[in-house]
Every structure is written in C-alpha cells, then in structure tokens.
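Following this note's numbering, the numbering of the sequence shown begins with 1 at its first residue and continues without gaps. A short worksheet on the structure shown next.
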Amino acid sequence: MPRSSQRTAVQLAVSRLDATVIQDRAAARASGPAQPPRLLVVRGARAGAVILLGADELTVGRGWDNAVVLPDISVSRRHALLRRHGTGYLLLDLGSGNGTRVNGWMVAKARLRNGDEIALGDSVVQFVEVGGAAVRGTGAVRQAPARLRWLRRLLGPRAAYGAMAALVAAASALGAWRWHERERLAREDFEQRAQLRAIVRHRLAEGASLLEEGRWEEARGKLKLAAELDPGRPQVQALLERAGAEASRARAVAEARAALARLDFAGVKLRLAEVPDDSALAPEAREVAAQLGRALEDAVRGARSRARAGEGAAALKVLDAVLAVEPTRADALEAKASVSAPVARAPPARPRPRAASALPRIVEAYLAGDVAAALQRAREARAEPTVATMLAPLDRFASSWREGVTRMEEGRTAQAIAALEQADAADRALALGHDSPLGRQVRAALSGLHTRMALALASDDDLAGAAAHLRAAVAQDPANEAAREQLRQLVSSVEEAYLRGYVAKDGDAEAARQAFRLVVAALPGTDETALKARRWLDRLDGKAAREEEPPPAGSR
Numbered sequence: 001m002p003r004s005s006q007r008t009a010v011q012l013a014v015s016r017l018d019a020t021v022i023q024d025r026a027a028a029r030a031s032g033p034a035q036p037p038r039l040l041v042v043r044g045a046r047a048g049a050v051i052l053l054g055a056d057e058l059t060v061g062r063g064w065d066n067a068v069v070l071p072d073i074s075v076s077r078r079h080a081l082l083r084r085h086g087t088g089y090l091l092l093d094l095g096s097g098n099g100t101r102v103n104g105w106m107v108a109k110a111r112l113r114n115g116d117e118i119a120l121g122d123s124v125v126q127f128v129e130v131g132g133a134a135v136r137g138t139g140a141v142r143q144a145p146a147r148l149r150w151l152r153r154l155l156g157p158r159a160a161y162g163a164m165a166a167l168v169a170a171a172s173a174l175g176a177w178r179w180h181e182r183e184r185l186a187r188e189d190f191e192q193r194a195q196l197r198a199i200v201r202h203r204l205a206e207g208a209s210l211l212e213e214g215r216w217e218e219a220r221g222k223l224k225l226a227a228e229l230d231p232g233r234p235q236v237q238a239l240l241e242r243a244g245a246e247a248s249r250a251r252a253v254a255e256a257r258a259a260l261a262r263l264d265f266a267g268v269k270l271r272l273a274e275v276p277d278d279s280a281l282a283p284e285a286r287e288v289a290a291q292l293g294r295a296l297e298d299a300v301r302g303a304r305s306r307a308r309a310g311e312g313a314a315a316l317k318v319l320d321a322v323l324a325v326e327p328t329r330a331d332a333l334e335a336k337a338s339v340s341a342p343v344a345r346a347p348p349a350r351p352r353p354r355a356a357s358a359l360p361r362i363v364e365a366y367l368a369g370d371v372a373a374a375l376q377r378a379r380e381a382r383a384e385p386t387v388a389t390m391l392a393p394l395d396r397f398a399s400s401w402r403e404g405v406t407r408m409e410e411g412r413t414a415q416a417i418a419a420l421e422q423a424d425a426a427d428r429a430l431a432l433g434h435d436s437p438l439g440r441q442v443r444a445a446l447s448g449l450h451t452r453m454a455l456a457l458a459s460d461d462d463l464a465g466a467a468a469h470l471r472a473a474v475a476q477d478p479a480n481e482a483a484r485e486q487l488r489q490l491v492s493s494v495e496e497a498y499l500r501g502y503v504a505k506d507g508d509a510e511a512a513r514q515a516f517r518l519v520v521a522a523l524p525g526t527d528e529t530a531l532k533a534r535r536w537l538d539r540l541d542g543k544a545a546r547e548e549e550p551p552p553a554g555s556r
C-alpha cells in the first residue's frame, strides 16, 4: 500500500476509534454520562452553593420542607416550582410575595435555558443545564478484541496495539472522571449542609442575643427561621419556646399596667398571675404588684373621703373593687361596714340643691380618668338636657372599653379593634377637644393591635392588608416606632414591586398587572407611586392611550 494511502487509512481508523469513545456535546446529552442540571447560588444567604436537580418536580422556597432551600426572609415559604420538561426544566412562580424574575423579567412561567439567572426575592441563582462532553468507555472496551483484529489487518500489529492502548487509556479516564464526579457531588452536598448549619448558628446567636436584651418578638422571628432550617435541633426549639413564652408574659405585664391605669384591680391581678417567678419579666411583674398595693391603699382612703362627703354609693363601688382583689383586706372591710351601716339606718336624705349645671364636674371626672365617678354624676343629673347627651357616650365608652380589653385577653385581635374603635369615638365626644388620659390609653392599645395584625398579614404575604393596618397604627399613636419602621420597610417593598411591574410591562403584561395592583392596594390613593401604577393598569387594560412614563428615581 502506498505511504499516502496508508496514512489515510490510519487517519480513518483513528477517527472511527475516536467516534466510539468521545462524543460531541449533543451526542453526550443523548447517550453518555454528563453532569446533571443544577442551580448555582449567585447571591443570597447561600451564595456559592451548587444545588443538583434530579427529581421531576422540586419546590424552591424559604421553608425547610422544600427540595431547594433558600434561607432568605425575602423568599416566600413556598416560592417557586421547578418541573422537568424534556432534558430541561420549567420554572413556575407559586404566587410568591416578591415575585420571580428570569434575566430581569418578572415571570409566572418560563422555560429555563443554560445560564438563565433567576431572582427570588433578594437571592439569585443561575440555571446550568446538562452539559460537558461525555465519555462512553465500557462498550469500547468490550469491542476491543474485534477492533484489534481489524486494526491489526489494516495497520499492522504495532499500530493496532497502540490504538488499543489509546482505547484503554480513554476507558481509564472515564473511570477516573466518574470517581472525581462522585467526590465532587459529595463535597458539594457537604458544603451545602455546612452553609445551612452556619446560617442556623448565626440566627441562633442573634436570637439568643435578642433574648438577653429582652426583645422577645424580634428574637422569636430569628429563632423561627432557624427552626425552619433545622427543625431537629433541640436548642433552637427550646429558645423559640422561651421567646414565645416571654413575649406572652411581656404582653401580660403591659396589659396589667393598662388595667392599673383604669383602676381595674381584678384585671391587674389576673394578668400578673400569668408571669411565673422564674420568668425574666418577674421583676417587672413585682413592680406592678407593688404599684397595685399602693393603688389599693389609695382607693380605700378615697372611698372613706367619698363616704364623708356623702357619696356612699361611689365609695361602696370602690371598696367592692378592692375586695374583689383582696377579699380579707381589713381596712376595706372596716370602711365598707362604716359606709353601709349609716346608709341602712339613715332616713331618706333631702335632695340637695344642685349647681347650675353638673356638666363641668362630669367632664372633670372623665378627664381625670375616673369613668365610674363621671357615670355616677351623669346619672344623678340626667334630668339636665346637656347632661343627658353625655350619658350615652359615657355608657358606650365604658362598655366598649371593657369589651375591647376582654377581646385582647382572649387573643381576638379583630374584635378587640372593633370594640376599641367605638371607645375611641366615644372618647372624642366626651373629651370636648381635650387629650384625655383614657383616650390616650385606647389609642395606644389600638395602635398595638393594628401593629400585631399587620405583622400577621405580612407573614402571609398580604402586603396590602398589612399596609392598611400599619397606617392605622401610626395614625392612632404617632410615637409607635415599631409600626413606623415596619411601614417604611413595607413601602420600600411596594416601590420595588412597582419597579418589577414597570420592567415587565412590555414583556409580561399579566405579571405587570399583578405588581401594579399590589401597589394600588398597598399605598394611599393620593400617593404618587400609586397614581402611576393606576395609570399603567389603565393602559395595560386599554383604558388609556399608552405613553412612556419614566421609572421612579434610582431605578436606572
């Protein structure tokens, strides 16, 4: 055979041998081993992690029960779903609070391609499809004897054995690659678990520090996230239970102080009974108990003064309130006996002449925080037309305030808000433009209840409802810094939603509508961003001519 022809044959044989061992990228996907599809965490709490995808469906979210866990508070508990589609995956948003973006576009559903960047809240992951050249070595090794005989006839013994050596080397390389791949996957899995453990440790340390500072609700939030990431860790569960218990006791102490301010002695004792001696709130509870003791002494002295002034019924009411807390209290029993005995023996008292109007004394008692005295004076002077108009709001305030406190103690927040709003309206009618102490208590309680309701709605991704309650909380008590801070954060999230809608309006109209509707629902109707969102909704629905509007400042 001529030398040129022999080289051609050698090249043909080598190319055929290579074709049985190393495939191109497309062939590797079809028939050879390749890296599975995976997610690379580009930004967020698990930045740098590699998450392998193998199942037909995988959920992504903050909750520990998801296949892909992203421990980021901006990620919803169940944020998105990855569903196998051919050799790749479909991405579906599961109604998340902050939405899902692919390469900057808000999407509800998207076919993922190699290199796509997926933003879920503040976390960003990159999708990598099945890729890399695959080596198919086992079949080549089994066919080696037949090929060796063919090559021996074609090339001669030496060249044939050289080709066979190349084939064996390729098979060895495949085995080494597979071993290294298993090692790499095991190492990545270990690193992912180590990252999650580090996040849990960090949240645990933050929660423990907040517990030491007495910031029970904040500690509970940190520890709740740590418990979601690692539900089997006893230390996290123990601290979470402690945070929840102390938060409840802190509310009990606060409600005991409020009850003491309105001279509800039985309510004070009832709330203080919820605080055990080993609680961190025990010193505060003892301080309130000491204040209760002084208030009871003052009440008995005040009852005696009223009895001497001829206000026996009012004195007995005060003494009954004292004895409801301490039934065997000697000074209260003695005062009650001294008040009751003369009342039983005395002849009917002659009606005393009244002043020109009892209204100033009624308002004075109410502004001093003594609803019982105000009611008593109003009932005695109900014949006066001006006093008769005060009696109804006084009764309404007293009953609404009692109902609101009862509903608060039962944990029925919505019913408590409704009752206290009636008490607030009655107070405004009674105070005659003054800032009454009872009104301040009602509005402070309303502000706290609205804040509590907002936090519950925000955890369920109802940003519009949370915003309405936070605005109400700030309106009722401008000094409520917790509500102010929560409202600032929520407004920032809503403005980000407007940006998402603005970006998506030309490519995904439905996602843009969802974002703009959230903005309109969450912000006041006069807010500039809400007005812009309303105009974009009209344009997307064909109700207004489309004209370009610049995005908010800072979006470029």
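Cβ atoms here follow ideal geometry from the backbone N, Cα and C, with glycine treated the same way.
Residue from the options with nearest C-alpha to residue i
i	options	result
Leu53	Val42, Arg215, Arg83, Gly465	Arg83
Thr386	Arg396, Ile362, Glu409	Ile362
Arg635	His434, Val474, Asp435, Ser436	Lying outside 1 to 556, the shown extent of the chain, residue 635 is not represented and no answer is given.
Arg304	Ala289, Ala256, Glu334, Leu449	Glu334
Ala208	Leu449, Ala194, Ala238, Leu196	Ala238
Asp560	Leu323, Leu58, Arg242, Leu523	Past the edges of the chain, shown from 1 to 556, lies residue 560, and the structure says nothing about it.
Ala521	Glu496, Asp477, Gly465	Gly465
Ala373	Asp435, Arg306, Ala512, Arg396	Arg306
Ala458	Gly221, Trp177, Gly244	Gly221
Ser436	Ala314, Gly369, Arg484	Gly369
Gly88	Asn103, Gly95, Gly63, Leu58	Leu58
Leu319	Gln476, Ala280, Leu263	Leu263
Ala290	Val371, Pro276, Leu272	Leu272
Whole-angstrom distance between residue j and residue i, CA atom to CA atom
i	j	result
Gly312	Ser492	59 Å
Thr557	Ser74	Residue 557 is absent from the structure shown; the chain starts at 1 and stops at 556.
Ala398	Gln422	10 Å
Asp538	Ile417	35 Å
Arg407	Arg440	19 Å
Ala414	His450	9 Å
Glu246	Leu211	9 Å
Glu403	Leu420	8 Å
Leu39	Val128	6 Å
Leu540	Tyr498	14 Å
Ala309	Ala261	25 Å
Gln489	Ala330	55 Å
Asn66	Ala80	10 Å
Arg301	Val322	11 Å
Val565	Leu316	Nothing in the structure corresponds to residue 565, since the chain is present only between 1 and 556.
Gly411	Gly121	32 Å
Asn98	Ser76	8 Å
Ala332	Ala259	20 Å
His202	Gln235	13 Å
Ala425	Leu240	39 Å
Glu380	Ala472	38 Å
Gly507	Ala110	12 Å
Beta bridge counterpart(s) of residue i as assigned by DSSP
i	result
Glu57	Arg83
Gly88	His85
Asp93	Ala80
Phe127	Leu39
Trp401	Its beta-bridge partners do not exist; DSSP assigns none.
Thr100	Val107, Leu120
Leu51	Per the sequence shown, residue 51 should be read as Ile rather than Leu. Paired residues: Leu39.
Val68	Val60
Exposure of residue i, with buried meaning 16 or more beta-carbon neighbours within 10 Å
i	result
Glu113	With the sequence shown as reference, residue 113 is identified as Arg, and Glu is not the correct amino acid for it. Answer is exposed; the Cβ neighbour count stays below 16.
Ala365	buried
Trp536	buried
Gly542	exposed
Asp93	buried
His469	buried
Pro327	exposed
Pro71	buried
Pro37	buried
Glu496	buried
Ala146	Its pLDDT being 46, under 50, Ala146 is placed unreliably by the model, and the measurement read from it follows with that caveat. Exposed, because fewer than 16 other Cβ atoms sit within 10 Å of the Cβ of Ala146.
Glu528	exposed
Asn480	buried
Gly104	exposed
Gly137	Only weak support is given to the placement of Gly137: the predicted model assigns it a pLDDT of 36, under 50, and the question is left unresolved by the model.
Beta-carbon separation (whole angstroms), residue i vs residue j, contact threshold 8 Å
i	j	result
Val494	Leu518	7 Å
Ala511	Met106	4 Å
Neighbour flag for residue i against chain B, beta carbons, 7 Å
i	result
Phe516	Protein chain content of the structure displayed is limited to a single chain, and chain B is not contained in it.
Residue i CB to nearest heavy atom of the ligand ZN below 6 Å
i	result
Leu323	Within the structure as shown, the ligand ZN is missing, as the structure has no ligands at all.
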